[in-house]
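Trainee: The structure under discussion is supplied below as C-alpha coordinates; questions concerning it will follow.
Now the structure itself:
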(Lines of atoms letter the chains of each structure in order from A and count residues from 1; the text may use other names and numbers.)
(Lines give C-alpha, C1' and ligand atoms only; values in the text may rest on other atoms or scores of the structure.)
Protein backbone atom coordinates (compact mmCIF):
# COMPACT_ATOMS: atom_id res chain seq x y z
CA UNK A 1 0.00 0.00 0.00
CA UNK A 2 1.04 3.62 -0.39
CA UNK A 3 2.44 5.70 2.43
CA UNK A 4 0.29 8.72 3.09
CA UNK A 5 2.91 11.38 3.54
CA UNK A 6 0.13 13.93 3.17
CA UNK A 7 -2.91 12.07 4.56
CA UNK A 8 -6.22 12.87 2.99
CA UNK A 9 -9.23 13.17 5.22
CA UNK A 10 -12.44 11.19 4.78
CA UNK A 11 -15.78 11.22 6.49
CA UNK A 12 -15.36 9.40 9.78
CA UNK A 13 -17.91 6.85 10.99
CA UNK A 14 -19.35 7.85 14.33
CA UNK A 15 -17.86 5.32 16.77
CA UNK A 16 -19.77 3.41 19.42
CA UNK A 17 -19.70 5.42 22.68
CA UNK A 18 -16.65 4.46 24.69
CA UNK A 19 -18.67 4.03 27.87
CA UNK A 20 -20.68 1.17 26.30
CA UNK A 21 -17.70 -0.87 25.09
CA UNK A 22 -16.56 -3.96 26.93
CA UNK A 23 -12.77 -4.00 27.09
CA UNK A 24 -10.93 -7.27 26.54
CA UNK A 25 -7.28 -8.05 27.21
CA UNK A 26 -5.38 -9.90 24.46
CA UNK A 27 -2.13 -11.73 25.33
CA UNK A 28 0.87 -10.11 23.66
CA UNK A 29 4.45 -11.12 22.92
CA UNK A 30 7.07 -8.53 23.83
CA UNK A 31 10.80 -8.10 23.34
CA UNK A 32 12.73 -6.34 26.10
CA UNK A 33 16.38 -5.60 26.87
CA UNK A 34 17.75 -5.55 30.44
CA UNK A 35 19.30 -2.18 31.40
CA UNK A 36 22.61 -3.81 32.33
CA UNK A 37 24.62 -0.98 30.78
CA UNK A 38 22.06 1.81 31.10
CA UNK A 39 23.50 5.22 31.90
CA UNK A 40 23.34 8.78 30.64
CA UNK A 41 26.73 9.34 29.02
CA UNK A 42 25.65 11.66 26.20
CA UNK A 43 22.80 14.07 25.53
CA UNK A 44 20.70 13.43 22.42
CA UNK A 45 17.27 14.44 23.74
CA UNK A 46 15.94 17.08 26.17
CA UNK A 47 15.45 14.50 28.96
CA UNK A 48 19.12 13.60 29.18
CA UNK A 49 21.29 15.55 31.61
CA UNK A 50 24.90 14.56 32.18
CA UNK A 51 24.74 16.31 35.54
CA UNK A 52 22.06 13.96 36.91
CA UNK A 53 23.45 10.62 38.10
CA UNK A 54 21.76 7.31 37.28
CA UNK A 55 21.21 4.64 39.92
CA UNK A 56 21.94 1.50 37.89
CA UNK A 57 20.65 -0.89 40.54
CA UNK A 58 17.37 0.98 40.83
CA UNK A 59 16.98 1.13 37.05
CA UNK A 60 17.35 -2.65 36.85
CA UNK A 61 14.88 -3.22 39.70
CA UNK A 62 12.30 -0.96 38.04
CA UNK A 63 12.76 -2.69 34.70
CA UNK A 64 12.43 -6.12 36.32
CA UNK A 65 9.19 -4.97 37.91
CA UNK A 66 7.82 -3.93 34.51
CA UNK A 67 8.78 -7.30 33.05
CA UNK A 68 7.15 -9.16 35.95
CA UNK A 69 4.02 -7.01 35.63
CA UNK A 70 3.64 -7.98 31.97
CA UNK A 71 4.05 -11.65 32.79
CA UNK A 72 1.60 -11.44 35.68
CA UNK A 73 -0.99 -10.15 33.20
CA UNK A 74 -0.46 -13.10 30.86
CA UNK A 75 1.99 -11.60 28.38
CA UNK A 76 5.07 -13.35 27.03
CA UNK A 77 8.38 -11.52 27.38
CA UNK A 78 11.49 -12.41 25.39
CA UNK A 79 14.90 -10.90 25.99
CA UNK A 80 17.67 -9.58 23.78
CA UNK A 81 21.14 -9.53 25.33
CA UNK A 82 22.39 -6.03 26.12
CA UNK A 83 25.63 -4.94 24.47
CA UNK A 84 28.41 -3.12 26.36
CA UNK A 85 28.74 0.48 25.22
CA UNK A 86 25.09 0.77 24.15
CA UNK A 87 23.38 2.31 27.20
CA UNK A 88 20.13 3.07 25.36
CA UNK A 89 19.57 -0.48 24.14
CA UNK A 90 17.11 -0.91 27.01
CA UNK A 91 14.67 1.14 24.91
CA UNK A 92 13.72 -1.90 22.86
CA UNK A 93 10.83 -0.19 21.08
CA UNK A 94 13.38 1.71 19.00
CA UNK A 95 15.00 -1.50 17.78
CA UNK A 96 12.56 -2.12 14.95
CA UNK A 97 8.99 -2.90 14.02
CA UNK A 98 7.37 -6.34 13.66
CA UNK A 99 4.12 -6.77 11.74
CA UNK A 100 2.67 -10.08 10.60
CA UNK A 101 5.82 -11.83 11.76
CA UNK A 102 8.06 -9.69 9.52
CA UNK A 103 10.71 -7.72 11.35
CA UNK A 104 12.44 -4.60 10.06
CA UNK A 105 15.37 -3.48 12.22
CA UNK A 106 15.98 0.20 12.89
CA UNK A 107 18.51 2.58 11.39
CA UNK A 108 19.21 5.19 14.06
CA UNK A 109 19.73 8.91 13.61
CA UNK A 110 22.52 9.54 16.11
CA UNK A 111 25.88 7.75 15.82
CA UNK A 112 25.75 6.87 19.52
CA UNK A 113 22.83 4.53 18.87
CA UNK A 114 23.53 3.25 15.35
CA UNK A 115 25.12 -0.06 16.48
CA UNK A 116 21.81 -0.95 18.13
CA UNK A 117 20.24 -1.48 14.70
CA UNK A 118 22.63 -4.32 13.89
CA UNK A 119 22.10 -5.88 17.33
CA UNK A 120 18.34 -5.98 16.88
CA UNK A 121 18.66 -7.19 13.29
CA UNK A 122 20.77 -10.09 14.54
CA UNK A 123 18.17 -11.00 17.17
CA UNK A 124 15.34 -10.92 14.61
CA UNK A 125 17.36 -13.13 12.26
CA UNK A 126 17.81 -15.79 14.93
CA UNK A 127 14.47 -15.47 16.69
CA UNK A 128 12.51 -18.07 14.74
CA UNK A 129 9.11 -18.85 16.25
CA UNK A 130 7.20 -16.90 13.61
CA UNK A 131 9.62 -13.97 13.22
CA UNK A 132 11.22 -13.40 9.81
CA UNK A 133 13.91 -10.74 9.46
CA UNK A 134 13.71 -8.26 6.59
CA UNK A 135 17.11 -6.89 7.55
CA UNK A 136 17.89 -3.34 8.57
CA UNK A 137 15.98 -0.37 7.24
CA UNK A 138 17.68 1.59 4.48
CA UNK A 139 16.14 4.86 5.62
CA UNK A 140 16.43 6.68 8.93
CA UNK A 141 13.97 4.70 11.05
CA UNK A 142 13.69 4.36 14.85
CA UNK A 143 11.26 1.47 15.01
CA UNK A 144 8.21 1.50 17.22
CA UNK A 145 9.40 4.74 18.71
CA UNK A 146 7.84 6.33 15.63
CA UNK A 147 5.73 3.51 14.14
CA UNK A 148 2.58 2.61 16.06
CA UNK A 149 0.00 0.15 14.75
CA UNK A 150 -3.57 1.42 15.21
CA UNK A 151 -5.86 -1.28 13.85
CA UNK A 152 -4.95 -1.75 10.18
CA UNK A 153 -3.11 1.59 9.92
CA UNK A 154 0.45 2.39 10.95
CA UNK A 155 0.71 5.85 12.50
CA UNK A 156 4.19 7.15 11.71
CA UNK A 157 6.00 10.01 13.38
CA UNK A 158 8.53 12.32 11.76
CA UNK A 159 10.18 15.63 12.52
CA UNK A 160 13.05 14.60 14.78
CA UNK A 161 14.15 10.99 14.20
CA UNK A 162 12.36 8.79 11.64
CA UNK A 163 12.33 10.27 8.12
CA UNK A 164 9.38 10.57 5.76
CA UNK A 165 11.28 8.35 3.33
CA UNK A 166 11.26 5.65 6.00
CA UNK A 167 7.47 5.79 6.07
CA UNK A 168 7.33 4.90 2.38
CA UNK A 169 9.88 2.13 2.90
CA UNK A 170 7.87 0.59 5.73
CA UNK A 171 4.64 0.78 3.73
CA UNK A 172 6.26 -1.10 0.84
CA UNK A 173 8.06 -3.74 2.91
CA UNK A 174 5.29 -4.47 5.40
CA UNK A 175 2.29 -3.90 3.14
CA UNK A 176 0.51 -1.54 5.49
CA UNK A 177 -1.16 1.86 5.11
CA UNK A 178 1.03 4.48 6.72
CA UNK A 179 -0.23 7.83 7.99
CA UNK A 180 2.48 10.43 8.52
CA UNK A 181 2.25 12.64 11.62
CA UNK A 182 4.64 15.54 12.16
CA UNK A 183 6.05 16.10 15.65
CA UNK A 184 7.02 19.66 16.59
CA UNK A 185 8.00 19.62 20.29
CA UNK A 186 11.59 18.42 20.98
CA UNK A 187 10.49 16.86 24.29
CA UNK A 188 8.30 14.49 22.30
CA UNK A 189 10.85 13.50 19.72
CA UNK A 190 9.34 10.05 19.13
CA UNK A 191 5.69 9.38 18.34
CA UNK A 192 5.39 7.00 21.29
CA UNK A 193 6.05 9.88 23.68
CA UNK A 194 3.12 11.90 22.29
CA UNK A 195 0.58 9.23 21.31
CA UNK A 196 -0.54 5.85 22.63
CA UNK A 197 -2.69 3.22 20.94
CA UNK A 198 -5.14 1.99 23.56
CA UNK A 199 -7.33 -0.38 21.54
CA UNK A 200 -6.48 -1.34 17.98
CA UNK A 201 -9.38 -3.74 17.76
CA UNK A 202 -12.03 -1.02 17.51
CA UNK A 203 -12.91 0.93 14.38
CA UNK A 204 -11.51 3.48 14.46
CA UNK A 205 -8.82 2.49 16.93
CA UNK A 206 -8.88 4.13 20.33
CA UNK A 207 -5.86 6.35 20.92
CA UNK A 208 -4.63 8.97 23.37
CA UNK A 209 -2.43 11.88 22.35
CA UNK A 210 -1.17 15.36 23.19
CA UNK A 211 -2.45 17.70 20.45
CA UNK A 212 0.18 20.38 20.88
CA UNK A 213 2.98 17.87 20.23
CA UNK A 214 1.89 17.79 16.56
CA UNK A 215 1.84 20.28 13.70
CA UNK A 216 -1.54 21.92 12.95
CA UNK A 217 -1.96 19.74 9.86
CA UNK A 218 -1.32 16.56 11.83
CA UNK A 219 -3.65 17.70 14.60
CA UNK A 220 -6.37 18.00 11.96
CA UNK A 221 -5.67 14.47 10.69
CA UNK A 222 -5.85 13.04 14.20
CA UNK A 223 -9.03 14.94 15.07
CA UNK A 224 -10.79 13.65 11.96
CA UNK A 225 -9.59 10.07 12.16
CA UNK A 226 -10.00 9.72 15.93
CA UNK A 227 -12.79 12.05 17.09
CA UNK A 228 -13.23 10.10 20.32
CA UNK A 229 -9.55 10.03 21.30
CA UNK A 230 -8.38 10.57 24.86
CA UNK A 231 -6.64 13.95 24.97
CA UNK A 232 -3.72 14.11 27.36
CA UNK A 233 -2.88 17.12 29.48
CA UNK A 234 0.56 18.73 29.23
CA UNK A 235 1.16 17.66 32.84
CA UNK A 236 0.64 13.97 32.08
CA UNK A 237 2.63 14.15 28.85
CA UNK A 238 5.50 15.83 30.70
CA UNK A 239 6.04 12.66 32.78
CA UNK A 240 5.77 10.52 29.62
CA UNK A 241 2.26 9.43 30.53
CA UNK A 242 1.60 8.67 26.85
CA UNK A 243 4.57 6.30 26.62
CA UNK A 244 2.23 3.44 27.38
CA UNK A 245 1.47 -0.15 26.37
CA UNK A 246 -2.08 -1.48 26.19
CA UNK A 247 -3.43 -5.01 25.77
CA UNK A 248 -6.91 -3.69 25.03
CA UNK A 249 -7.94 -3.58 28.69
CA UNK A 250 -4.89 -2.98 30.85
CA UNK A 251 -2.82 0.10 30.10
CA UNK A 252 0.71 -0.05 31.50
CA UNK A 253 2.07 3.45 32.09
CA UNK A 254 3.99 5.56 34.54
CA UNK A 255 2.45 5.86 37.99
CA UNK A 256 3.08 9.62 37.84
CA UNK A 257 0.44 10.33 35.16
CA UNK A 258 -2.46 10.37 37.61
CA UNK A 259 -4.73 12.44 35.39
CA UNK A 260 -4.30 9.96 32.55
CA UNK A 261 -5.11 7.12 34.93
CA UNK A 262 -8.45 8.79 35.71
CA UNK A 263 -9.31 9.39 32.06
CA UNK A 264 -8.49 5.79 31.18
CA UNK A 265 -10.82 4.50 33.88
CA UNK A 266 -13.59 6.71 32.51
CA UNK A 267 -13.16 4.91 29.16
CA UNK A 268 -13.29 1.44 30.67
CA UNK A 269 -9.55 0.74 30.72
CA UNK A 270 -7.62 -0.49 33.73
CA UNK A 271 -4.45 1.57 34.25
CA UNK A 272 -1.47 -0.29 35.69
CA UNK A 273 0.99 2.17 37.19
CA UNK A 274 4.71 1.42 36.96
CA UNK A 275 7.63 3.40 38.38
CA UNK A 276 10.35 3.83 35.74
CA UNK A 277 11.79 7.07 37.10
CA UNK A 278 15.41 6.02 36.54
CA UNK A 279 14.83 5.13 32.89
CA UNK A 280 13.00 8.43 32.44
CA UNK A 281 16.41 10.07 32.82
CA UNK A 282 17.29 8.70 29.39
CA UNK A 283 14.02 9.89 27.86
CA UNK A 284 11.97 6.70 28.01
CA UNK A 285 9.23 4.97 29.95
CA UNK A 286 7.04 1.89 29.58
CA UNK A 287 6.56 1.81 25.82
CA UNK A 288 10.16 2.70 25.10
CA UNK A 289 11.19 -0.48 26.94
CA UNK A 290 8.75 -2.66 25.00
CA UNK A 291 8.79 -3.89 21.40
CA UNK A 292 5.75 -5.91 20.36
CA UNK A 293 6.39 -9.04 18.31
CA UNK A 294 3.23 -9.35 16.22
CA UNK A 295 2.82 -12.83 14.72
CA UNK A 296 1.95 -13.76 11.17
CA UNK A 297 -1.76 -14.15 10.56
CA UNK A 298 -2.51 -17.81 9.94
CA UNK A 299 -5.19 -18.34 7.27
CA UNK A 300 -8.22 -20.28 8.43
CA UNK A 301 -8.58 -23.53 6.48
CA UNK A 302 -11.78 -24.58 4.73
CA UNK A 303 -12.09 -27.48 7.19
CA UNK A 304 -11.85 -25.14 10.16
CA UNK A 305 -14.56 -22.92 8.70
CA UNK A 306 -16.92 -25.84 8.23
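In the working numbering, the protein residues as written are 7 to 312.
Note that the Cβ used here is the ideal one computed from N, Cα and C, for glycine as well.
#1: Taking only the alpha-carbon atoms, compute the straight-line gap between residue 101 and residue 272 and give it to the nearest angstrom.
#2: By the three-class DSSP mapping on this structure, what secondary structure does residue 291 have?
#3: Just to confirm the assignment, what range does the beta strand (DSSP E) spanning residue 280 have?
#4: My output table needs one value for residue 232: the three-state DSSP class, helix, strand or coil.
#5: May I ask you to report which of helix, strand or coil DSSP gives residue 252?
#6: At 4 residues or longer, and completely inside the segment 101–161: list those alpha helix (DSSP H) runs for me, N to C.
#7: Does the Cβ-Cβ distance between residue 122 and residue 144 come in under 9 Å?
#8: To which residues of the same chain is residue 302 closer than 7 Å at the C-beta, ignoring the five residues directly before and after it?
#9: Can the beta-carbon of residue 196 be found closer than 9 Å to that of residue 166?
#10: Closest to residue 69 by CA distance: which of 92, 97, 151, 274 is it?
#11: Going by other Cβ atoms of all chains shown within 10 Å of its Cβ, with 16 needed for buried, is residue 116 buried or exposed?
#12: Among all the DSSP beta bridges, which residues are the ones paired with residue 264?
#13: What is the DSSP secondary structure of residue 200, reduced to helix, strand or coil?
#14: What is the DSSP secondary structure of residue 28, reduced to helix, strand or coil?
#15: Which residue comes first and which comes last in the alpha helix (DSSP H) that contains residue 241?
#16: Determine the direct distance from the alpha carbon of residue 274 to that of residue 168, and round the result to whole angstroms.
#17: Would you be able to state if there are at least three C-beta pairs under 8 Å between the segment 40–47 and the segment 64–78?
#18: On the criterion of 16 or more Cβ atoms from any shown chain inside 10 Å, does residue 71 qualify as buried, or is it exposed?
#19: Please determine, among 78, 193, 205, 300, the residue with the shortest C-alpha to C-alpha distance to residue 27.
Mentor: Let me lay it out:
#1: Taking the straight line from one Cα to the other gives about 33 Å.
#2: coil
#3: 276–280
#4: coil
#5: strand
#6: 120–133
#7: no
#8: Answer for residue 302: 106, 107, 136, listed in chain order.
#9: Yes, the pair counts as a contact, with Cβ atoms nearer than the cut-off.
#10: 97
#11: exposed
#12: Paired residue(s): none; residue 264 is not in a bridge.
#13: coil
#14: coil
#15: Element bounds for residue 241: 240–243.
#16: 33 Å
#17: By the Cβ rule, the segment 64–78 counts as touching the segment 40–47, because three or more pairs are nearer than 8 Å.
#18: exposed
#19: 205
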